[in-house]
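Numbering-wise, our numbering puts 67 at position 60 of the sequence shown, and it's gapless, one number per residue.
All residues carry an ideal CB built from backbone N, CA and C; glycine is no exception.
The structure presented is a predicted model; accordingly, all values stated were derived computationally and were not measured.
Structure first, then comments.
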Amino acid sequence: MFVQELYGADDLQDGRLLDEIYDFWDQQDKRAIWLRFGCFRLPKKEDYENIFRRAMMVVVVRDESGKLIGYSEGCRCRDNERHVELGLAVDKEYRRNGVAMEMVMTMCRECSHQGIEKAEAYIMPENLTMTALVRKIMNILPVRLKFEDGSFHALIDPKKAPAPIAS
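Next up, the structure:
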């Protein structure tokens, strides 16, 4: 069981969530850091601040005890304000149980609600977990996936995201 929280740009200003996400990355393995950031070292806190300055929304997932187990941010693209670039991270212990898929669906529903036309993701070819996730998403949403400049570029249509399942 996990709980999702959605934060808008105004909610990201106090720095509490930034600290929590930075601590999350401090607990991840070097390979996960490399697959997300292209480096084996934990990025500096200022790097996260730069990401959060551009973020329109962040989805956070917690376990039953309140521990952060994953998050996704949607940052407005610099060259097209009707598109967001998605970033996604899930703690290794919680992968392969629907956490990432639910975050993407929540992010897509919120993008659609805010009038965003496309959600973009850039994925390193070595990131087999994210590549598999995008292929699963392709069964639910319209996705254009192409390989360019050494990485996969997924272009997702968020307007087709299904409504959440009532529990």
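What separation, rounded to the nearest whole angstrom, lies between the Cα atoms of residue i and residue j?
{"i": "K153", "j": "P132", "result": "11 Å"}
{"i": "Q35", "j": "D98", "result": "7 Å"}
{"i": "L135", "j": "F159", "result": "11 Å"}
{"i": "G122", "j": "L148", "result": "17 Å"}
{"i": "M145", "j": "L162", "result": "10 Å"}
{"i": "A39", "j": "D156", "result": "21 Å"}
{"i": "N87", "j": "V150", "result": "18 Å"}
{"i": "P165", "j": "V91", "result": "10 Å"}
{"i": "D21", "j": "R103", "result": "32 Å"}
{"i": "Y29", "j": "F44", "result": "13 Å"}
Any Cβ of chain C within less than 8 Å of the Cβ of residue i?
{"i": "M63", "result": "Looking at the structure shown, chain C is missing, and only one protein chain is on hand."}
Check whether the Cβ atoms of residue i and residue j lie closer than 8 Å to each other.
{"i": "T113", "j": "V66", "result": "yes"}
{"i": "K143", "j": "M110", "result": "no"}
{"i": "A128", "j": "V141", "result": "yes"}
{"i": "G77", "j": "V68", "result": "yes"}
{"i": "L25", "j": "Y55", "result": "yes"}
Take the Cβ of residue i as the centre, count every other Cβ of all protein chains shown within 10 Å, and call the residue buried at 16 or more, exposed below.
{"i": "F59", "result": "buried"}
{"i": "A3", "result": "This structure gives no information on residue 3, because the portion of the chain shown stretches from 8 to 174."}
{"i": "S79", "result": "buried"}
{"i": "V106", "result": "buried"}
{"i": "C115", "result": "buried"}
In three-state terms, what does DSSP make of residue i?
{"i": "C82", "result": "strand"}
{"i": "E12", "result": "strand"}
{"i": "R116", "result": "helix"}
{"i": "L49", "result": "coil"}
Exercise for review: List in chain order: all unbroken beta strand (DSSP E) runs of 3+ residues lying wholly within the segment 118-166.
Suggested key: 125-130, 150-155 and 158-163
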